[in-house]
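See structure below.
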Amino acid sequence: MKKLLVILLLFTSTIAFGQEKAKWYIDFEKAAQVSMQTGKPILADFTGSDWCGWCKKLKKEVFITPQFKDWADQNVVLLELDYPRKKQQDEKIKKQNRELQQIFQVRGYPTIHIFNVKVNTDNQLEFLPVGQTGYVAGGPTPWINNANSILKK
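Numbering (our numbering), first residue to last: 2 to 154.
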């Protein structure tokens, strides 16, 4: 009986940790799969996490707040596209991020693109832009209000 209880507790705690709010994907293909399964658009954060001051400010003031996490969990699939200068990055992710930077013509950081994806008749992923934003002063409420206005377009 005790053994069964321990197994049950381990199983339920694994499930609880597996249901992380506002999960940030770094693999575009995984984010695209989740987006197509859920019908939620992708919110792609083009960031320089270890050198960009405005990126760090956006993360601190908005992305790590409970308010943003609740909003994101309900509305979008999160994708972090990082362009670090100091920390090591997997070559596959680095290549993916460069390609997406070119597709979306990102010239500065932070840049946030919100878009949908679908598989077209040639069995290729197609990007359907919804809108773009960046750092918005004032914390999570103004940022979320701005994002909501983009999503309503």
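Yeah, the Cβ is synthetic: ideal placement off N, Cα and C, and Gly gets one too.
Whose C-beta lies closer than 8 Å to the C-beta of K154 among residues of the same chain, with five residues either side of it excluded? V131 and G132
Taking only three categories from DSSP, how would you classify P130? strand
With C-beta atoms as the reference, is K87 less than 7 Å away from D51? yes
Can you grab the Cα-Cα spacing for the pair L59 / P85, in whole Å? 16 Å
So for F105, helix, strand or coil by DSSP? coil
So A45 is in the beta strand (DSSP E); what residue range does that whole segment cover? I43 to T48
Which residues in the same chain have their Cβ closer than 6 Å to the Cβ of V78, if we skip the five residues on either side of it in sequence? A32, V35, S36, K41 and I43
Using DSSP with H/G/I as helix, E/B as strand and the rest coil, what is D155? This structure cannot speak to residue 155, because the chain is shown only from 2 to 154.
Whole-number beta carbon distance between E62 and W25, since they are thought to touch under 8 Å: Not really, about 16 Å apart at Cβ, beyond 8 Å.
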